[in-house]
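Sequential numbering from 2 applies to the sequence shown in the numbering used here. Idealized CB from N, CA, C, for every residue including glycine. Each remark here refers to the structure printed beneath this line.
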Amino acid sequence: MDAKRISPTENRGMDVAESLKYLMGDTGGLQESLGGFRIEVYHTGAFPWARVFKILLDHNFRVYVTRRKADVRIEASI
């Protein structure tokens with residue numbers, strides 16, 4: 002299989018942050034925070050929830066979802 006055809010989410014050697022950025026596109030923003038991540042969800046309807054959670058959980062992150070007014074945030078920590 003050609004390496005250019007493998008998406009970052011299927012490439013186990015790719016950085017988790019890069020995989021998340023690729024998946025979310027403009028539906029969310031990513032900040033690295035103390036060995037984990039803070040993700041702001043910009044478009045809840047288009048956000049790839051299941052795939053983002055799968056990546057985080059496959060890499061043994063604890064995942065917390067919070068809501069403040071209309072803003073949804075995902076925090077992932079080791």
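Other residues of its chain near residue i: CB distance less than 6 Å, five sequence neighbours each side excluded
i	result
residue 47	28
residue 39	32, 76
residue 59	none
Classification of residue i by the beta-carbon crowding that lies within 10 angstroms, buried from 16 upward
i	result
residue 24	buried
residue 57	buried
residue 66	exposed
residue 35	exposed
8 Å CB neighbourhood of residue i in its chain, flanking five on each side removed
i	result
residue 18	31, 33, 38
Other residues of its chain near residue i: CB distance less than 7 Å, five sequence neighbours each side excluded
i	result
residue 54	64
residue 62	37, 77, 78, 79
Extent of the continuous alpha helix (DSSP H) to which residue i belongs
i	result
residue 54	50 to 59
Boundaries of the beta strand (DSSP E) in which residue i is found, first to last residue
i	result
residue 31	29 to 34
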